[in-house]
Amino acid sequence: MAMYSHSKISTFEQCPLKFKFRYIEKIVPDIEKSIELHLGNMVHRALEWLYIQVMNKKIPSIEDVIAYYSNQWEEHYLPDIVIVRKNLTEKDYFNKGVEFLVNYYLKHKPFDENTLEIEKRIVLDLDKDGEYKIQGFIDRLSYNLQTKEYEIHDYKTANNLPQQEKIDNDRQLALYSIAIKNLFGQDKEVCLIWHFLAHDKRICSKRTNEQLENLKKETIESIKKIESEKIFPYNKTRLCDWCEYRTICPAFSDCSGQKIS
Ligand code: SF4
Numbered sequence: 127m128a129m130y131s132h133s134k135i136s137t138f139e140q141c142p143l144k145f146k147f148r149y150i151e152k153i154v155p156d157i158e159k160s161i162e163l164h165l166g167n168m169v170h171r172a173l174e175w176l177y178i179q180v181m182n183k184k185i186p187s188i189e190d191v192i193a194y195y196s197n198q199w200e201e202h203y204l205p206d207i208v209i210v211r212k213n214l215t216e217k218d219y220f221n222k223g224v225e226f227l228v229n230y231y232l233k234h235k236p237f238d239e240n241t242l243e244i245e246k247r248i249v250l251d252l253d254k255d256g257e258y259k260i261q262g263f264i265d266r267l268s269y270n271l272q273t274k275e276y277e278i279h280d281y282k283t284a285n286n287l288p289q290q291e292k293i294d295n296d297r298q299l300a301l302y303s304i305a306i307k308n309l310f311g312q313d314k315e316v317c318l319i320w321h322f323l324a325h326d327k328r329i330c331s332k333r334t335n336e337q338l339e340n341l342k343k344e345t346i347e348s349i350k351k352i353e354s355e356k357i358f359p360y361n362k363t364r365l366c367d368w369c370e371y372r373t374i375c376p377a378f379s380d381c382s383g384q385k386i387s
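Note that the numbering used here has the sequence shown beginning at 127, numbered continuously upward.
Right, dumping it as C-alpha cells:
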C-alpha cells in the first residue's frame, strides 16, 4: 500500500533528489525552514484560531487575531530560519502577515460561511483495491447554505497569483474534493476556493465527476513513476534557493557528475 500526499508528489515533480533526501533517506536538514514557510504557517494558525472561535459562537476582534498571530510568530520563530531575499527583514515578513489577516478579516467578517471543520484530515483511495492512497488536510471546509455546495478553502501566502487555467488544473484541492464527495455523496457540488492573501483575492474552481475520475488515474500514474525511479537526479531551478537540502546537494558542488537540467 502506498500512502502519498499532494506535497510528496509535487516534491518529486520539482526535484527527484529532494524527494529522495526528504522521503526515502529522511535526512533532517541543517536548515529548519524558510521565513516564507514560517509566515504561511503562522497565518494559517491565526485563521484556524479565528474560525474555531467563530464555530464556538464568538467573533474575536481584529486586535485579538493579530495578538494571537504575534504570539504564535514569536513562540515558533527559530534563529536558523532562512531569509533568502536579503532586501527584506523578519519584521517585513511579520508585517505582511498582519496585512493579510487584516484584509481577510475585513472582507469576511462576520464569518457566517457555515464552517463545518478546520484542518480536516482526508484519506482517499485512488483505486478500488486501496493500493494507492492520498492523505491531506483541508484548511477549512464549509457548506454554503445559499448555493447548497460544499466549499474547500485553501489559504495561500505566496506572492504569485496563478491564472484561472492553472487553478482549473490544480491537483491538490481536486483530490480533496473526491474525498468530500465520497463522504457526502457523488451528486454533491464541491467548490474549490483559494484565498490568495497577498493579493486579497479569491479564485474558485469546480471539477466534473469525469474529471475527478481522470485525475485519480493520472495521480496513480504519477505515483507509479515515483516508485519506478532508480536514479533520483537533481533538478536545479530557482526554487533551489529555498531548498533545505542545498548545503548537501551535489548540484551545488561539482562532484556528482550529474547533468544540470
Ligand atoms: S538544492 Fe535544488 S537540486 Fe538540490 S536537492 Fe534541493 S531542489 Fe534539488
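All C-beta atoms in this analysis are idealised placements derived from N, C-alpha and C, irrespective of residue type, glycine included.
Keep in mind that this is a model prediction, so the values were computed, not measured.
When every heavy atom of ligand 1 is checked, does at least one fall within less than 7 Å of the C-beta of tyrosine 281?
Working through the sequence shown from its first residue, we reach residue 281 at position 155. Tyrosine 281 Cβ: outside cutoff for every heavy atom of ligand 1.
Thinking C-alpha only, which one of Val316, Leu250, Gly223, Arg247 is nearest tyrosine 269?
By 1-based counting over the sequence shown, the position of residue 269 is 143. Selected option, being the one with the closest Cα: Val316.
Could you name each continuous alpha helix (DSSP H) segment of 4 residues or more that falls completely within the stretch 160-246, going from the start of the chain to the end?
161-181, 188-202, 216-234
Quick one: what does DSSP say alanine 284 is sitting in, helix, strand or coil?
Translated into the one-based positions of the sequence shown, residue 284 becomes position 158. Coil.
Would you report the Cα separation of phenylalanine 310 and aspartate 265, rounded to the nearest angstrom?
The sequence position of residue 310 within the sequence shown is 184, counting from 1. The sequence position of residue 265 within the sequence shown is 139, counting from 1. Each residue's alpha carbon lies about 18 Å from the other.
Three-state class that DSSP yields for phenylalanine 358 in the structure shown:
Your numbering for residue 358 matches position 232 in the sequence shown. DSSP places phenylalanine 358 in coil when its eight states are reduced to three.
Following a CB-centred definition, is arginine 372 positioned closer than 7 Å to any heavy atom of ligand 1?
Here residue 372 is taken as the residue at index 246 of the sequence shown, counted from 1. Yes, since a heavy atom of ligand 1 falls inside the 7 Å radius drawn around the Cβ of arginine 372.
Quick one: using the 10 Å Cβ neighbour count with 16 as the cut-off for buried, is tyrosine 360 buried or exposed?
Taking the first residue of the sequence shown as 1, we reach residue 360 at position 234. Classification for tyrosine 360: buried.
On the three-pair Cβ rule with 8 Å, is the stretch 370-381 touching the stretch 329-343?
no
Run through the DSSP bridge pairs and tell me what glycine 262 is partnered with.
On the sequence shown, position 136 is the one that residue 262 refers to. In DSSP, glycine 262 forms a bridge with Ile248.
Once DSSP output is grouped into helix, strand and coil, what is the label at asparagine 295?
For the purposes of this step, residue 295 is taken as residue 169 along the sequence shown, with counting starting at 1. Coil.
Determine the burial state of glutamate 303: buried for a count of at least 16 other Cβ atoms within 10 Å of its Cβ, exposed for fewer.
In the sequence shown, the residue the question calls residue 303 occupies position 177. It should be noted that the sequence gives serine, not glutamate, for residue 303. Buried: at least 16 other Cβ atoms inside 10 Å.
How long is the line joining the alpha carbons of tyrosine 177 and cysteine 141, rounded to whole angstroms?
Here residue 177 refers to the residue found at position 51 of the sequence shown. Here residue 141 refers to the residue found at position 15 of the sequence shown. Computed Cα separation, rounded: 35 Å.
Is asparagine 361 near ligand 1, in the sense that its beta carbon is under 7 Å from a heavy atom of that ligand?
Taking the sequence shown and counting its residues from 1, one reaches residue 361 at position 235. It does: the Cβ of asparagine 361 is within 7 Å (strictly closer) of some heavy atom of ligand 1.
Helix, strand or coil: which one does DSSP assign to lysine 351?
Here residue 351 is taken as the residue at index 225 of the sequence shown, counted from 1. Lysine 351 falls in the helix class under three-state DSSP.
Secondary structure at isoleucine 153, three-state DSSP: helix, strand or coil?
Here residue 153 refers to the residue found at position 27 when the sequence shown is read from its first residue. It is coil, neither helix nor strand.
Quick check: is any heavy atom of ligand 1 less than 7 Å from the C-beta of lysine 134?
Taking the first residue of the sequence shown as 1, we reach residue 134 at position 8. Incorrect: lysine 134 has no Cβ contact closer than 7 Å to ligand 1.
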